[in-house]
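Notes to accompany the following structure.
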Amino acid sequence: MTTANSTAKTGTTMNRHKIGMLFFISSEIFFFLTLLSSYAYLSGAFGNLPRESLAVPRTFLFSLFLFSSSLTIWFAERAFHRGRHAAFRGWMLATIALGLVFLTGQAIEYTELIRTGITLNYDVFSSAFFTLTGFHGLHVITGLIMLGSLTGLSFAGKLGPENESAVATISYYWHFVDAVWVAVFTVAYLIFI
Amino acid sequence: MRQESIAPHALPFPPLNKGWGWLAWFSTTDHKKIGILYMVTSLFFFGVGGIEALLIRIQLAAPNAKVLTPQEYDAIFTMHGTTMIFLVVMPLFIGIANYLVPLMIGARDVAFPRLNALGFWVFLLGGIVIYLALFTGSLADAGWFSYAPLSEAAYSSRPGVDYWIVGLIETGVGTIGAAVNLLATIVRYRAPGMTWRRMPLFVWMMMITSLIILYALTPLNAGLIMLLGDRILHLHFFRANVSGGSAILWQHIFWFFGHPEVYIMALPAFGMMSEVVPVFSRKPIFGYTFVAGSGIAIGLLSFAVWVHHMFAVGLSTPMNAAFSAASMLIAVPTGVKIFNWSTTMFRGRLRMDTPLLFAAAFIIQFVIGGITGVMFAAVPIDWQLTDSYFVVAHFHYVLFGGSMFALWAGVYYWYPKITGRLMDERLGRWHFWLAVIGFNMTFFVQHILGLIGMPRRVYTYPNLPGYGTMNMISTIGAFILAIAVLLFLWNLVVSFRRGKVAGDNPWDAWTLEWATTSPPPEHNFEKLPPVHSARPLFDLAHPEMADNPKYRTEAKA
Chain A
3 MTTANSTAKT GTTMNRHKIG MLFFISSEIF FFLTLLSSYA YLSGAFGNLP RESLAVPRTF
63 LFSLFLFSSS LTIWFAERAF HRGRHAAFRG WMLATIALGL VFLTGQAIEY TELIRTGITL
123 NYDVFSSAFF TLTGFHGLHV ITGLIMLGSL TGLSFAGKLG PENESAVATI SYYWHFVDAV
183 WVAVFTVAYL IFI
Chain B
13 MRQESIAPHA LPFPPLNKGW GWLAWFSTTD HKKIGILYMV TSLFFFGVGG IEALLIRIQL
73 AAPNAKVLTP QEYDAIFTMH GTTMIFLVVM PLFIGIANYL VPLMIGARDV AFPRLNALGF
133 WVFLLGGIVI YLALFTGSLA DAGWFSYAPL SEAAYSSRPG VDYWIVGLIE TGVGTIGAAV
193 NLLATIVRYR APGMTWRRMP LFVWMMMITS LIILYALTPL NAGLIMLLGD RILHLHFFRA
253 NVSGGSAILW QHIFWFFGHP EVYIMALPAF GMMSEVVPVF SRKPIFGYTF VAGSGIAIGL
313 LSFAVWVHHM FAVGLSTPMN AAFSAASMLI AVPTGVKIFN WSTTMFRGRL RMDTPLLFAA
373 AFIIQFVIGG ITGVMFAAVP IDWQLTDSYF VVAHFHYVLF GGSMFALWAG VYYWYPKITG
433 RLMDERLGRW HFWLAVIGFN MTFFVQHILG LIGMPRRVYT YPNLPGYGTM NMISTIGAFI
493 LAIAVLLFLW NLVVSFRRGK VAGDNPWDAW TLEWATTSPP PEHNFEKLPP VHSARPLFDL
553 AHPEMADNPK YRTEAKA
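So the sequence lines, in the order shown, correspond to chains A and B.
To convert, note that position 149 of the first sequence is 151 in my numbering; the numbers rise steadily by one, no gaps.
To convert, note that position 290 of the second sequence is 302 in my numbering; the numbers rise steadily by one, no gaps.
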């Protein structure tokens, strides 16, 4: 006797949520690749503006907060699997805090650019820069909303072992957001500066 | 007969729609109902796009005609292309896949029933938004690929293009949702025993198509967002005249999407061909592995040929040469498939029902479109013929003579599964012959028109030798084609009420969708046959000649 939706020997052992999220993320990669390659394509016309207006060391410092949040969410997941809910919530709150610090850094960067008159439609550099980093920022915010919901559910006692795939998929997404920033930082702050 | 029973499997979400009457169609998460919603919606848009095509042909029937203003003509050909590609062919394939893929792999439903419903409604919203522009008194009129700077605010100041962008982003989001869902379903919910090499080829092709959707549609959406930013927030991406923006960048982004898009509209057709041809030739498909493998090759190559749409831009010679070679290369896996289907038919016991008629016409017409496609891969030929009616003839041979004919083969083949009744054969034959005559009459002469220099997208033309006659032939052909389409729609309606009752498996087909009732119950299957090969129902009926020798058993009385 077999179930229609069983894995038997044909399917993988991953569940549908993880598979779906991985396919979705792979699609998102191409979204960012398009923004990144457009940034590179247009960079010939940027002139000295990126060098003069972007604060590379400071942004690198704020990037470290985002990078380390990949570590804290990994600890959170580990705590979740071991059934240590308090530790899970603690690591989740740490992840959220690190994400918020990163966003603060981005807000400072944006405010300074806009104060010096480099607004969204100032020139081709500002268009490409704000679009690229802005869409990454939107993804960070989306991730934070998901992390917040998960943490809230945990505090409400509504997150059990059966929600393992929710924790896993959101963690995939967060790692992805983190990895995208590695690419964005490399392209916008290191290569085409 | 051995059949394995299926334990009742809890669906991911309880059905939300018990006792809601017709309102259930709005709340349904059943893959079959959502499939039907996709199909009905695309048929509606097919009517809209068809009327637009006829308006184009009326305007072009005679030289110096003034039926439409140039402005109206531009809007109508833009909307014709956009409608047929994004609101007809893509959703029609996705709808049919939604209905059939779970059945073909022996699953109860898709992996994400609610995502599936969301995908459909977001797609529909996008379709409506594109046409909502009508209420602003303008429609998108920059062509289906909306080249910058024409599509920029400076040259298209009315809001039609904005609606077009927002609508396309929405249909794109819906389509990506559908693709994620199909992929997770195929990866995770195949019946026991259905290994990759036993999967129906339509499922194979839909899997590759879904992957192409994932990696082609997001770049389009990124590009559309940039274009919208240019138009509304005055960004500088594609505005070549201000501070370093690049109109060519739009072309790169668009065609990075645009060429894989061709295969999004062709691979499902290949999948349908690979189901219909063997069943109506009474033979297993010739070279199953090659059909699947060449599909993968096409999927990969489709991302490496986009610059052949841009040969006339004046990019570097090495760039043109590399993309020319890659474009010619893609003819190889496509050619492999043509051989697969013809050799399957060769020495088969052909059953000349309507599905096989359409499939046979597909092979011939698609080969013509394919050959003109290889011609365009040669840079000098492209320079000579680009933006002429030769291009129009080429892609209509691929997308209408190809994809649409395969779709018709598929509709006649699977209609009995979906409705429980066969489509009328006599009407089907009329539909077929009128479609073949009308289609070839409309588009074959356009090759010649293009060769003698008629540019595409002009609203009228002077009375040059041959122009008037050939355009009139084309217009008459278009009306014959329109009659064929009306017969098809009529056939759908009358057969639904009065068609012959089909039974579970009217064609003696072999794949799992025919193992259940027509139409299938909400939970799809009562029992599933064991899957030991790509043709489980054939094995069940002929255990002594089972495709997989390991499972052959002596014939029973």
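Beta carbons are placed, not taken as given, at the ideal position from N, Cα and C, and that holds for glycine.
Cα-Cα separation between residue i and residue j, rounded to whole angstroms
i: B:A371; j: B:Y50; result: 23 Å
i: B:R363; j: B:F292; result: 5 Å
i: B:T366; j: B:P290; result: 14 Å
i: B:L236; j: B:I177; result: 6 Å
i: A:T158; j: A:A89; result: With the sequence shown as reference, residue 158 of chain A is identified as Ala, and Thr is not the correct amino acid for it. Computed Cα separation, rounded: 15 Å.
i: B:L524; j: A:L140; result: 44 Å
i: B:T207; j: B:I117; result: 10 Å
i: A:K11; j: A:M23; result: Low confidence applies here, because A:K11 scores a pLDDT of 41, under 50, leaving its location unreliable; read the following figure in that light. Rounded to whole angstroms, A:K11 to A:M23 spans 23 Å at the Cα level.
i: A:R91; j: A:S156; result: 7 Å
i: B:F38; j: B:V199; result: 28 Å
i: B:F41; j: A:L105; result: Before going on, a small fix: residue 41 of chain B reads as Thr here, not Phe. So the two alpha carbons sit approximately 38 Å from each other.
i: A:I27; j: A:L122; result: 27 Å
i: B:A389; j: B:R509; result: 48 Å
i: B:G139; j: B:I97; result: 11 Å
i: A:A6; j: B:P114; result: Unreliable positioning characterises A:A6 in this predicted model, as indicated by a pLDDT of 42, which lies under 50. A coordinate reading is not provided.
i: B:H21; j: B:K429; result: Note that B:H21 scores a pLDDT of 40, beneath 50, so its modelled location is shaky; the value from the coordinates is reported in the next line. Their backbone Cα atoms lie some 23 Å apart in a straight line.
i: B:G462; j: B:T384; result: 12 Å
i: B:L499; j: B:E437; result: 12 Å
i: A:N165; j: A:R18; result: 13 Å
i: B:V410; j: B:F378; result: 5 Å
i: B:A569; j: B:L504; result: Residue confidence for B:A569 is low, a pLDDT of 44 falling below 50, so the modelled location carries little weight; the figure read from the coordinates is stated next. Rounded to whole angstroms, B:A569 to B:L504 spans 40 Å at the Cα level.
i: B:V391; j: B:G93; result: 25 Å
i: A:A47; j: B:P532; result: 60 Å
i: B:A152; j: B:M102; result: 20 Å
i: B:Q71; j: B:G179; result: 27 Å
i: A:A72; j: A:A185; result: Correcting the residue identity first, residue 72 of chain A is Ser in this sequence and not Ala. C-alpha separation (whole angstroms): 15 Å.
i: A:I110; j: A:V189; result: 20 Å
i: B:P613; j: B:G450; result: Past the boundaries of the shown model lies residue 613 of chain B; chain B is included only from 13 to 569, so the question cannot be answered.
i: A:I147; j: A:K20; result: 19 Å
i: B:T565; j: B:M557; result: 8 Å
C-beta contact flag for residue i and residue j at 8 Å
i: B:S168; j: B:A154; result: yes
i: B:W519; j: B:Y425; result: yes
i: B:M482; j: B:V448; result: no
i: B:M570; j: A:T133; result: There is simply no residue 570 of chain B to check, as chain B begins at 13 and stops at 569 in what is shown.
i: B:L327; j: B:V317; result: no
i: A:W176; j: A:L152; result: no
i: B:A514; j: B:G422; result: no
i: B:V134; j: B:N193; result: no
i: B:Y227; j: A:S29; result: yes
i: B:A74; j: B:M484; result: yes
i: B:Q263; j: B:V325; result: yes
i: B:G131; j: B:G47; result: no
i: B:L229; j: B:G184; result: yes
i: A:A78; j: A:T97; result: yes
i: B:R361; j: B:R468; result: no
Residues bridged to residue i (per DSSP)
i: B:T467; result: Looking at the sequence itself, residue 467 of chain B is Pro, so the reference to Thr does not match. According to DSSP, B:P467 bridges with B:S400.
i: B:V513; result: B:R433
Residue i: contacting residues in chain E (beta-carbon distance under 7 Å)
i: A:F131; result: Absence of chain E from the displayed structure is noted, the protein chains being A and B.
heavy atom of the ligand MN below 7 Å from residue i C-beta
i: B:S400; result: The ligand content of the structure shown is nil, which means the ligand MN is not present either.
What residues in the segment 225–246 of chain B have a beta carbon less than 7 Å from any beta carbon of chain A? Going along the segment 225–246 of chain B in chain order, one finds L226, Y227, T230, P231, N233, A234, G235, M238, G241, L245, H246 with a Cβ nearer than 7 Å to chain A.
Counting only Cβ-Cβ distances shorter than 8 Å, please list the residues of the segment 259–272 of chain B near chain A, keeping chain order. Across the segment 259–272 of chain B, CB contacts with chain A closer than 8 Å involve L261, H264, I265, F268, in sequence order along the chain.
Measuring CB atoms only, is the segment 62–76 of chain B touching the segment 477–490 of chain B, in the sense that at least three cross pairs come out at less than 8 Å? They touch, by the three-pair rule.
Closer than 8 Å, Cβ to any Cβ of chain A: which residues of the segment 104–129 of chain B, in chain order? Correct list: G118, A119, R120, A123, F124, L127.
Could you tell me whether the segment 30–37 of chain A touches the segment 126–140 of chain A, where touching means 3 or more Cβ pairs closer than 8 Å? Judged by pairs of C-beta atoms under 8 Å, the segment 30–37 of chain A touches the segment 126–140 of chain A, as three or more such pairs exist.
Three CB pairs or more closer than 8 Å across the segment 205–223 of chain B and the segment 299–316 of chain B: Output reads yes: the segment 299–316 of chain B touches the segment 205–223 of chain B.
Tell me, please, whether the segment 298–308 of chain B touches the segment 349–358 of chain B by the rule of three or more beta-carbon pairs shorter than 8 Å. Taking a cut-off of 8 Å on C-beta distances, the segment 298–308 of chain B touches the segment 349–358 of chain B, as three or more cross pairs fall below it.
Check each residue of the segment 343–358 of chain B: if its Cβ is closer than 9 Å to any Cβ of chain A, include it; give the result in chain order. Within the segment 343–358 of chain B, not one residue has a Cβ closer than 9 Å to any Cβ of chain A.
To be precise: take each residue of the segment 37–66 of chain A, compare its Cβ to all Cβ atoms of chain B, and keep it if any distance is under 8 Å. Which residues remain? Of all residues in the segment 37–66 of chain A, L37, S40, Y43, L44, G46, A47, F48 have a Cβ within less than 8 Å of some Cβ in chain B.
Is there contact here, the segment 144–151 of chain B with the segment 42–62 of chain B, by at least three beta-carbon pairs under 8 Å? Between the segment 144–151 of chain B and the segment 42–62 of chain B there are fewer than three C-beta pairs closer than 8 Å, too few to call the two in contact.
Would you be able to state if there are at least three C-beta pairs under 8 Å between the segment 160–167 of chain B and the segment 201–215 of chain B? Here the segment 201–215 of chain B does not lie against the segment 160–167 of chain B, with fewer than 3 beta-carbon pairs under 8 Å apart.
Is it the case that the segment 325–344 of chain B contacts the segment 397–413 of chain B, given that we only count it when at least three CB pairs across the two stretches are under 8 Å? No, they do not touch.
Closer than 9 Å, Cβ to Cβ, to anything on chain B: give me those residues from the segment 107–128 of chain A, in chain order. So the close ones are L122, N123, Y124, D125, V126, F127, S128.
Chain A contacts made by the segment 326–339 of chain B, where a contact means CB separation under 9 Å: From the segment 326–339 of chain B, no residue has a Cβ closer than 9 Å to chain A.
Chain B contacts from the segment 13–29 of chain A (Cβ-Cβ distance under 8 Å): Under the 8 Å Cβ criterion, the segment 13–29 of chain A contributes G13, T14, M16, N17, R18, I21, G22, F25, F26, S28, S29.
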